[in-house]
Structure formats: C-alpha cells, structure tokens
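Note that the working numbering gives residue 248 to position 243 of the sequence shown, counting from 1, and the numbers run on in steps of one.
Glycine included, each C-beta is placed from N, C-alpha and C at the ideal position.
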Amino acid sequence: MTDLPADGVQRFRDDLLGLQGRICRQVEAWDGEGRFGTDRWTRESGGGGISRVLREGALMEQAGVNFSHVSGPALPSAATEHRPELAGRPFQALGISLVFHPRNPYVPTTHANLRAFVAGEPGGNAVWWFGGGFDLTPCYGFEADCRDWHRRARAACAPFGDGLYEELKERCDEYFRLPHRGEQRGIGGLFFDDLNRWDFETCLAFVREVGATFLEAYGPIVERRRDTPYGEREREFQLYRRGRYVEFNLLHDRGTRFGIQSGGRAESILMSLPPLARWEYGWSAEPGSPEADLTEYFLVPRDWAGASAGP
C-alpha cells in the first residue's frame, strides 16, 4: 500500500459527487416522469451527505442515490472486524450508495456502492482502502440479462489483471447470501471490501471504472424488461422477494451496521429498503414455475460470463 496523496480524498469526493449527478440524470431519463428530491444533511459527530430519492415514478417505485462523507474519533466495530489493529483510530469514510426498486417485477432491483476509508490522520501514516461493487437482484430470471451483466463486469476488471473478475465475483456470491435462508440474494456481480493492493492511482482508476460500468450494464436490462406485461401474481411475488432483500439488509449487511454504529442518518441508511414488501408464512413456489426457477436455477452461483453460459 502506498501513501495517501494529499489531495486523494478530495479527488475521490469530487468523483463521487459527479457520479451521483450522472446516475440521477440517467434514471430520470429512463423513468420519464419521476424526479429526484435532494436532501442535504449534517451530523454532530462530523461530516454529512446528500441523499437523493425518487419516489412513485413510472419506472422506479423508489430509487435512492446517496452520497456521504463522515468522520469520527474511532472506527466503528463494523469496519474493524477484519482489521482489529485499527480499532480506536480516527477515521474518514466517504462513498456513494444506490438502490433501485423498479415498479415492474420483470425489471431487477439493483444495488451499487463505491466507498473509501481512511484510518488515522492523513499525512501521518494513515491507512486507506477502497470498497464497493454492484449486484443484481431479479424476481424473474433471464439468462440474457445474467450473461450481459456479468460479461460487462468481467470487461471492467480485465485491464486490472487476470483473475480479478473471478475473485470479485466469488466475493460477491459469498457476501450477498442469506445464510438463514440458504440462498443468494441475487445473481451477484462484483464485490470488494479492502482494495489497496495497487498504488492509490490504480485503485482509484479501478473504482471509477466500476462506477461507469454499472450504468452501462443496467441500462440494457431496463430497456429489455421495462414494458413486459405483468399482473397480480407477479406483483405479489415481487413483494415477497423484496422481503428477502429487507432481511439481508437488516440482518447481514455491513454497510447498514457501519452506518448505524457510526451515528449515521437513519433515514438515509435505510433508504435501501423497498417502499413495500411482504412475508407469507410457509409459502413455496409451484414446481416448474418461473417463480421456482428463480431460486432453483438463477440464484445458484454459476459462471454466467463464461463460454458455457451460452451465446
């Protein structure tokens, strides 16, 4: 790990704010009707952020794109589980996090996150690392969507080394899993949580590429699925699957725990939750149905980007 450049945090902050604006403009263009509201906030313990949320759009039932840059006197435990030597150090954490909950059950829910942590005082042997990635959570699976999503993820990783996509895909599959249900949250994507293997400039370049690739990967899926007809059955299944999303975010997601432990703004942290969800005791999908195919085929980790995954 190289030293943190004096302007490193500021440059990443500028990147994130620019990306937040580009994503919001693109989602508004896709939606056609909805517009993002802007909510600027600060917190007493240090820092603040900009939460942007679109509600009740034509395409998006709810979409949130949050920027935050917070600081504190000691890293919360969620950030030191794998780095106990950093406990007690002052920190800065900045990032952008987004979750889109589309109205049409055939358009997948998606999540992306880019973030950086600095532990210690900049210029004083501070430890830094990046994290983030993107993942896709369909209610109804389509092989073309899965292949396209993962092949674009693989292309984003390719300039940065052989095997990187496979490594980060595996991490994504491991992380976005509901152990109490024994199933994946979605079809995965990329996930990294401790990126400082290269110098700062290379790490920053990779994180920028991941951010740019997210829109390039999600847009074609939106266009393919947004006009698919659906009825009450599909809507009820969508709300049922959203319940799994809630379970993961509240029980297992480290970002949620970090936000709460660091005294973050609860309204922005819990923006990731869908506006509506449902649970039904003992429900199971009809064998051979598209609903059963989701868990029996699409939510089983597989090599979607490889040659064996089809054309």
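Report yes if the C-beta distance between residue i and residue j is below 7 Å; otherwise report no.
i           : j           : result
residue 135 : residue 219 : no
residue 93  : residue 79  : yes
residue 46  : residue 307 : no
residue 66  : residue 234 : no
residue 202 : residue 142 : no
residue 116 : residue 99  : no
residue 29  : residue 17  : no
residue 112 : residue 231 : yes
residue 59  : residue 37  : no
residue 56  : residue 273 : yes
residue 193 : residue 178 : yes
residue 213 : residue 310 : no
Of all the options the options, which has the alpha carbon lying nearest to the alpha carbon of residue i?
i           : options               : result
residue 156 : 205, 221 and 189      : 221
residue 229 : 178, 259 and 148      : 148
residue 109 : 131, 226 and 258      : 226
residue 289 : 267, 257 and 246      : 246
residue 285 : 195, 198 and 241      : 241
residue 268 : 54, 232 and 175       : 54
residue 199 : 27, 87 and 9          : 87
residue 305 : 188, 249, 297 and 264 : 188
residue 6   : 297, 264, 130 and 152 : 130
With a threshold of 6 Å on Cβ separation, who are the neighbours of residue i within its own chain once the five nearest residues in sequence on each side are excluded?
i           : result
residue 97  : 76 and 123
residue 25  : 70, 72 and 101
residue 169 : 162
residue 95  : 78
residue 216 : 24 and 119
residue 316 : Residue confidence is low: residue 316 scores 37 on pLDDT, short of 50, so the model does not pin down where it sits. Its coordinate-derived value is still stated next. Cβ neighbours of residue 316 beyond the five flanking positions: none.
residue 21  : 72 and 101
residue 114 : 106 and 142
Among residues of its own chain, excluding the 5 on either side of residue i, which ones have a beta-carbon nearer than 8 Å to its beta-carbon?
i           : result
residue 224 : 31 and 35
residue 197 : 135, 136, 137, 138, 173 and 176
residue 252 : 183, 185 and 186
residue 299 : 143, 144, 145, 146, 246 and 290
With residue i and residue j assumed to form a contact (beta carbons below 8 Å), what rounded beta-carbon distance in angstroms separates them?
i           : j          : result
residue 132 : residue 91 : 6 Å
- Task: Flag this pair as touching only if the region 175-191 and the region 202-209 have three or more C-beta atom pairs under 8 Å; answer yes or no.
- Result: Judged by Cβ distances under 8 Å, the region 175-191 makes no contact with the region 202-209, as fewer than three pairs qualify.
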